Structure formats: C-alpha cells, structure tokens
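Under numbering that gives the first Met the number 0, think of the first position of the sequence shown as 0, with each following residue one higher. To start, the structure itself, in structure tokens.
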Amino acid sequence: MSAVAVRRDAAVRIALATADDFDGWRDAARRLVAAGIAPDDVRWGVEGEDDADLFAGDAGVPAAGDGAPALRVSRAFLELAGKAALHRDPARFDLLYRLLWRLRQAPRLIEDGTDPAVRRLRLLAAQVRRDIHKMRAFVRFRGVVDDGGERFVAWFAPEHHIVRANARFFVDRFASQRWSILTPALSLHWDGGVLREGPGAGAADAPGSDAMEAAWHRYYASIFNPARLKIGAMLKEMPRKYWRMMPETRLIRGMIAGARAREVAMVSDGGARFDEAERPESLDAIGQAILGCRKCPIGCNGTRAVAGEGPRDAVVMIVGEQPGDSEEREGRPFVGPAGRVLDQHLAEAGIAREGAWVTNAVKHFKFEPRGKRRLHQSPTAGEIDVCRWWLDGERALVRPRLIVALGASAGRGVLGRTPAIGRERGATVALADGATLLLTAHPSYLLRLDGEARAREEDRFAADLRVAVEILRRG
Ligand code: URA
C-alpha cells in the first residue's frame, strides 16, 4: 500500500491507504527521516477517513538525499510497531514516527520500559494482540448455501484494525471450506483458493443460526466443568460483548446458575456420570478414550493421559498412582525414576515386567507448576474414584490373576476405599472378580528415603514382591 504525502502550512501530511497500512507508514517514515523532517512537522491520516483537504494537492515527501544514511531499527521495534499500527488510536502513526525519530539517537530506546512513549507503544501492541486472539477464539461460523454450495459465514466486530492481519490464520485453519467473515470495516471471502475482500457489513447480514448450533450447544454443555467455573476469569477472557456472536453463550447463564448444584453432584457421585453403554470394549479403545476424558479436574488440565501397557492376557497387573512428569512426556507408565526402582525390584524378584499389565489408578498427571518444573500432586479420593471407571475397564479386559497395588492411591483404585498401607501391606485380599490383590508401598516412597530407612524399606518391598511370586507359583 502506498502513502500520499501533501505539504501544507509547512507540515507534511501523510495519508495512508488504509487504517492498517503499516507498510505505507514504514515507507513514508523512512523517506521522512531521510529528508530530515521532524515529527512536529508531519501530520498522519488515513485516506477517506480524515478531512478532505488532506488530499488537496500532492507535494510528495521530499526525496531522501543521496548521502542520507540508511535507517536501521531493531526487530523488537518493528514487531511492536507492526502491531500498534493496527490500533484504533488515531495518534498511533504519529507515536510510531516520534519513536522512530528518537531511535536514530537512542537505538536501545525500545528497551526502556519507563519511557512514556515506549510504554504507550507496548500497551497499544498488547491490546492489538489481545484483539487478534479474541477474533481467533470467538468467531463462530454458521452454514448457508449459496450458488457455489455450502459457505460458512461469521460476523465479528473487532476493536482494532486486525481483520486483514488475521486473514492468514483463518485461511490456514479452514483452507478446504468456503467461508466469509463479515466485520463493520470490511469482509473477507475465501473460496478454497482465493481470498477476496469486500465492503463492511452489519451483524444482520450474517445468518442467525444453523443446524450446527444444536451440536455446538451439546458440545459446550458437555465440556463445561462446574468445578472449574471462575466467573471473573471467564468474563475477562470472554467479555460479554462477544457473547451474542457465539451460540454456546446462550447456555452460560443457565449453566452458571446450575453450576453449584452440579459441582455438589459431581463430588458426591464421584464426578463422572459414565454411560455404561459406552464402556470401551477393548484396551485400545480405553487408550483412546482416556485421551479425551474430562470427567475430573485432572483430566481438564491439558496433559496427555497415559494408558496401561503390556500383554492383553497378562496374569499380573501392576497398578501405580498416576503418571509423573516423565510418564506424561513419554506417554508410558513407570518410565521415570520410580519406574526404575520398580523395574529393578521386579527383576530381582523374578517377575518379568514385559509380562505384566502396568497401569495407574489415575490416567492423567496431576501437578503444580513451579517455574519450569511440574511438581507431583497426589490425586484426591474423588479423582481416583472417577478414574476407577477406566481401571475397572482394564481389569475386566485383562482379567489378571494377581493385582499388585503400589501405594494407597492404587489401593483405592482397586478397592474403592483407601487402605492403610503400613498395616495392610503384604497381605492379600480376595476380589469379587476372582483376582487376588496384594498391597504394597509405592516405589517413589523408597526414593524419598535414604540410609538405613531406605535399606529397610527396600527389604520390605522385596519381601512383598516375594509374596506376589508365591501367589503366582501356587497358581
Ligand atoms: N508413579 C506412578 O504411580 N505411576 C507411574 O506411571 C509413574 C510414577
């Protein structure tokens, strides 16, 4: 885009082609600096938006002298400026030029967070970034049929001039569909190969609802988790003004009202209403289904669920508490430090790990972020009870003869009550499905000990595993 420059009353007036014409600003600014024209002598505007006499006559920006030094600015400035240029603040181009002018003498100015102009630049850029994000998150398409077939149409009213800057995102995201995004300033139309721009439009120009709406409502209602409801944070992320563009928001009021009751129900019935008819019929299906399980807050934390592994007809099932940091990264149970302790003891006891089904009472990793680290947090009894659905599914499919539960959480996953490991370890429990349960300590307990205490607990753990071997030998 190119800028029109007009010299009048000793001031140079620059009329940029469009409100988001950062390239035009850059081009004009470079020439103005090279011509030595100070910010006080420049007036910035946008063609068609400012007073008509802005365009009366075109004197052009004085050409840069041959010897004018090339202006170099940091990438950090260009990035911030590129965003701030999209802000609706009419003074944005002037601000950018004033900063550019000063950058000649102070190349590191942009790092000075106490400078009022730099702070303003950062603020504008941040507000634009947020608006870009909002558009990506809150645009909702509705299907219509036009001459070319199905087209998805959305209406959105951004706060800043971000629509063109966001076009690439929607093209990449919905490359194979035909869609239009209508906004007050301009509209974008994608036909699967070419992106066209059209004039602005009003909300009434977009279709009101379609068959997808009901599906959206069902989906949103199913992922809504009352235990995680934070109304303040929700309103901050999704301000009310966006609500009318989003079908699911029609449900919000009712869901907030019912949230407390649902939360109470969730806690008292173990959280999850699993539908018996949907019980996975294979271990692979469980492995797939747990990835999408959001029945408890741990499942909602965005980490990868870790499935059990081993032979489908394993005679022994080893149950841990939950995947840890390494397990979540690798997607396999007991591959971190506790797993190494376990492997060593299993090998010494003569139990082949590869012959056992190794799994956990809870399938997602519960942690507390601490800087770059993720610190293990124990699951609550309620969370273990919710996840028991999956463990029960594994038990029903593998049908092990012996289950070794490592620690109290694993014990709860199998028994439905929290055992006292100190008292009950080493003893066996006959389970209703015919299997035998052996309770013992968790290997990470051993890892927390040292010296004599460690040696003593290692011996106890080894002794418990000898009980397991004995049970297997007896058949
Ligand atoms: N601790 C567990 O209980 N399970 C694992 O998979 C890893 C560590």
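Cβ coordinates follow ideal geometry from the N, Cα and C atoms, glycine included. Note that this is a predicted model, so its numbers are computed, not measured.
ask   = What are the boundary residues of the alpha helix (DSSP H) that includes Pro115?
value = It spans Pro115 to Phe137 - the alpha helix (DSSP H) in which Pro115 sits, taken as one unbroken run.
key: For Val127, the nearest candidate out of Asp114, Glu78 and Gly148 (CA to CA)   = Glu78
inquiry  = Between the alpha carbons of Leu99 and Ile383, how many angstroms are there, rounded?
reply    = 59 Å
query = Based on the DSSP secondary-structure assignment, which residues constitute the bridge partners of Trp154?
reply = In the DSSP output, where bridge partners are listed per residue, Trp154 has Leu181.
Runs of alpha helix (DSSP H) lying entirely within the segment 429-457, each at least 4 residues, in chain order = 442-446
inquiry  = Does the structure place the segment 339-352 close enough to the segment 285-304 that three or more beta carbon pairs sit under 8 Å?
reply    = no
ask   = Looking at the structure shown, is Pro336 part of a helix, part of a strand, or coil, going by DSSP?
value = helix
message = Tell me which residue opens and which closes the alpha helix (DSSP H) that Asp93 is part of.
response = Per DSSP, Asp93 is one residue of the alpha helix (DSSP H) stretching across Arg91 to Leu102.
task = With a cut-off of 8 Å on the beta carbons, I'd call Phe21 and Gly81 a contact; round off their distance for me.
result = 5 Å
ask   = Around the C-beta of Pro310, are 16 or more other C-beta atoms found within 10 angstroms, so that it is buried, or is it exposed?
value = It counts as exposed.
Pro183 versus Ala153 - alpha carbon distance = 12 Å
One or two residues paired with Val41 in a DSSP bridge = Val11
ask   = Could you name the residues, in chain order, whose CB is less than 5 Å away from a heavy atom belonging to the ligand URA?
value = Gly319, Glu320, Pro322, Gly323, Glu326, Pro332, Phe333, Ala337 and Asn359
ask   = Do Ala409 and Ala360 have their C-beta atoms within less than 7 Å of each other?
value = yes
query = Any idea if Glu320 is buried or exposed, counting beta-carbon neighbours within 10 angstroms, 16 or more meaning buried?
reply = buried
ask   = From Ala33 to Asp26, what distance separates their C-alpha atoms?
value = 11 Å
ask   = Are the beta-carbon atoms of Leu123 and His86 separated by less than 7 Å?
value = yes
task = Along the alpha helix (DSSP H) that carries Leu401, what are the first and last residues, could you check?
result = Not the alpha helix (DSSP H): Leu401 falls in the beta strand (DSSP E), residues Leu401 to Leu405.
query = Would you call the segment 311-331 and the segment 362-375 in contact, with 3 or more CB pairs under 8 Å?
reply = Contact check between the segment 311-331 and the segment 362-375: three or more CB pairs, one atom from each, fall below 8 Å, which counts as touching.
request  = Following the continuous beta strand (DSSP E) through Ile317, name the residue where it begins and the one where it ends.
outcome  = Val315 to Gly319
Status (buried if at least 16 other CB within 10 Å, exposed otherwise) for Val266 = Model confidence at Val266 stands at a pLDDT of 43, short of 50, so the residue's coordinates are unreliable; what they give is reported in the following sentence. Val266 should be labelled exposed.
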